[in-house]
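Protein chains in written order, with this note's numbering: chain A, 1082 to 1274; chain B, 1379 to 1868.
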């Protein structure tokens, strides 16, 4: 599985890019607020703007195509490539996570598992995630509070999430899909040794 | 055709003002619900989770409904006073049906504590519910009433426009794509009305089908539907209604901005291609809401990202550059109305950009259902749609030739903009810090930094919401002064 490592986290990178985009938008707004006071024949003004627009159109189109191809290399979906070292079944229930090693063939309503689990570092772990009642979201956080990856837990469906923990320590599972009154209190722990 | 019947004009104007005043009452009420939620998250007040989620549900459904209703009513007014004759009877029927629907929702949420969120993700309304059983039925029926009201209004407007302009393909602007010369100009607002509202018809039909399934389950609890199918249906509808709300607003910017710049904004081939592409994007971009459902076919996930990216092209290259072409060296006087439109465009651009970033699957895996998402749509709605709406309200409430707005309106505007951007910034910062959304409290998170950051951001957001409400109050003084002065003159 690929992970973007150019910047500390994907969150920071996306935040910086978005901030830069917002500043650019406001530079255009300020430019318009200042320059609009001048008068120019509408045909000539339109011609100037549309000349820039043509370049912008092609620039944006090419840029989006490049980003599209690059970003599609970093998908969170299960791969056929890397070997799975360990399989964990995860069942979300109002309002508890149940985790147990191995593939479960039980009805999720009858599944028994703990909300703490120990797993080895640097191993490709496959989480088979489902729900016994409503939709939940299986989000893995590190001890610094960074969301590393996630998938939905949907009743009647299994979502397979592969993840390799690179560092030892305690990781928390928070619920990422609103699931009722105690949604904010639904947590589990994974110890990586 | 320019519609000139003075009595009819007066009737349509009265209907638009009724809509405007209703919006001005409901909007700050719904903002106050948001304020209560942030107060609770910031540990500055205590709400039970059941109350928090009931308020969250009303805030979400209410805002989406009120913003769409007003945006639609403004399009109704502009089309009905300029290009076609619309039935005020149907207009009032839609208005009162919507009021009935909103009242039902208020009863369901505030009294029955109905709280599965705006999207009522199946089967949450029926499973482990902490709300009254009757509130499910009341809320679902109220939503069906709302949908039927909107459908009635939309179909009447579309039918009347199509009849006036020679058929459905003509109001989509397809005659501009033929080599033959056009006999009659199509105003951009008519095409944008069509492009926005036809997907709306699809959206309301899908929502109606979903709500009927909910109603069946309400009466027959042993029924069981496919959660993934229903999630697709609700996200199709939800994404669409927010999207078309903004496009409705853009429709009146095309119609009204030229009045301030003195530059025509006409339909041409490029505009038709661009808006017809947008029609397609409105319908299929919603797949980006289901990236984290790995069971969804992979091709739809790719399609979600491709369409989300592509939708940025017509929005920026055509509409936003169109606004720049309108304003650049136009010697425009920066009255409150064009100022609102310009900043509304900026809010749309910034909210849209952060959405495109999040529509990248590799990014969505760490932003999905974090505070980044409300950051994006609050920018899009509060700093986009709401500014467009206030621009329109200043236009509607003012007398022709006296649309300056003055110092009071501009003071309110700057306070609102400062508060609004501060408020959304707390969401974005929360998203970058992985704070999950829809948490009634951060006390249950055992990661100290996450819980503390969540609380602090909510506390700071409270201050900015108070600024937003202050800005609104100041703008209200200006708006109602204009409205009453206009009435005195009449």
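Every residue, glycine too, gets a C-beta built ideally from N, C-alpha and C.
Annotation: the continuous alpha helix (DSSP H) that includes residue 1743 of chain B extends over 1739 to 1745.
It is roughly 10 Å from the alpha-carbon of residue 1182 of chain A to the alpha-carbon of residue 1209 of chain A. Rounded to whole angstroms, the separation of the alpha carbons of residue 1633 of chain B and residue 1791 of chain B is 22 Å. Of the candidates A:1222, A:1272, A:1249, A:1212, A:1212 places its Cα closest to the Cα of residue 1187 of chain A. Leaving aside the five residues that flank residue 1748 of chain B on each side, the residues in its chain whose CB is nearer than 8 Å to its CB run, in chain order, 1808, 1809, 1812, 1813, 1814, 1815. Closest option to residue 1142 of chain A, judged by alpha-carbon separation, among B:1777, B:1688, B:1827, B:1710: B:1688.
Cβ-Cβ distances below 7 Å link residue 1214 of chain A to 1174, 1175, 1236 in the same chain, with the five nearest sequence neighbours on each side left out; the list follows chain order. Among the CB atoms of chain B, one or more fall inside 9 Å of the CB of residue 1240 of chain A. Residue A:1262 holds the alpha-carbon nearest to the alpha-carbon of residue 1427 of chain B among A:1255, A:1274, A:1262. Burial check for residue 1127 of chain A: the Cβ neighbour count within 10 Å reaches 16 or more, so the residue is buried.
Sequence-distant partners of residue 1478 of chain B (beyond 5 residues in either direction) whose C-beta falls short of 7 Å from its own C-beta, in its chain, are 1523. Between the alpha carbons of residue 1121 of chain A and residue 1707 of chain B lies a distance of about 5 Å. In this chain, the alpha helix (DSSP H) harbouring residue 1632 of chain B covers 1605 to 1639.
Rounded to whole angstroms, the separation of the alpha carbons of residue 1165 of chain A and residue 1226 of chain A is 26 Å. For residue 1554 of chain B, no CB of chain A lies under 9 Å from its own CB, so it is not counted at the interface with that chain. Check the Cα spacing between residue 1501 of chain B and each of B:1819, B:1603, B:1408: the tightest is with B:1603. Under the three-state reduction of DSSP, residue 1413 of chain B is assigned to helix. Between the alpha carbons of residue 1140 of chain A and residue 1690 of chain B lies a gap of roughly 13 Å. DSSP places residue 1251 of chain A within a strand segment (E or B) once states are collapsed to three.
The Cβ atoms of residue 1620 of chain B and residue 1755 of chain B sit closer than 9 Å to each other. Residues of the same chain with a CB within less than 8 Å of the CB of residue 1647 of chain B, apart from the 5 flanking positions on each side, are 1554, 1555 in chain order.
The Cβ neighbour count for residue 1423 of chain B, taken over all protein chains shown within 10 Å, is under 16; the residue is labelled exposed. Straight-line spacing of the CA atoms in residue 1264 of chain A and residue 1804 of chain B works out to 22 Å. Within chain A, 1134, 1137, 1138, 1141 have C-beta atoms less than 8 Å from the C-beta of residue 1695 of chain B, given in sequence order. Under DSSP, residue 1759 of chain B takes part in no beta bridge, so it has no partner. A contact between stretches requires three or more CB pairs, one per stretch, nearer than 8 Å, and the segment 1573 to 1592 of chain B fails this requirement with the segment 1666 to 1673 of chain B. Around the Cβ of residue 1105 of chain A, a 10 Å sphere holds fewer than 16 other Cβ atoms; the residue is exposed. Note: residue 1207 of chain A is bridge-paired with A:1168, A:1243 in the DSSP secondary-structure output.
Annotation: the segment 1395 to 1449 of chain B contains no complete segment of the beta strand (DSSP E) (minimum length 3 residues). The beta carbons of residue 1495 of chain B and residue 1438 of chain B sit about 6 Å from each other, so the pair counts as a contact at 8 Å.
Residue 1181 of chain A is outside the set of residues whose beta carbon lies under 9 Å from a beta carbon in chain B. One finds nothing in chain B with a Cβ atom closer than 8 Å to the Cβ of residue 1269 of chain A; even the nearest lies about 10 Å away.
With a cutoff of 9 Å on beta-carbon distance, residue 1489 of chain B and residue 1520 of chain B are scored as not near each other. With 16 or more other Cβ atoms inside 10 Å of its own Cβ, residue 1713 of chain B counts as buried. For the segment 1177 to 1211 of chain A, the set of residues with a beta-carbon nearer than 7 Å to any beta-carbon of chain B is empty. Taken atom to atom, the span from the alpha-carbon of residue 1402 of chain B to that of residue 1728 of chain B is near 25 Å.
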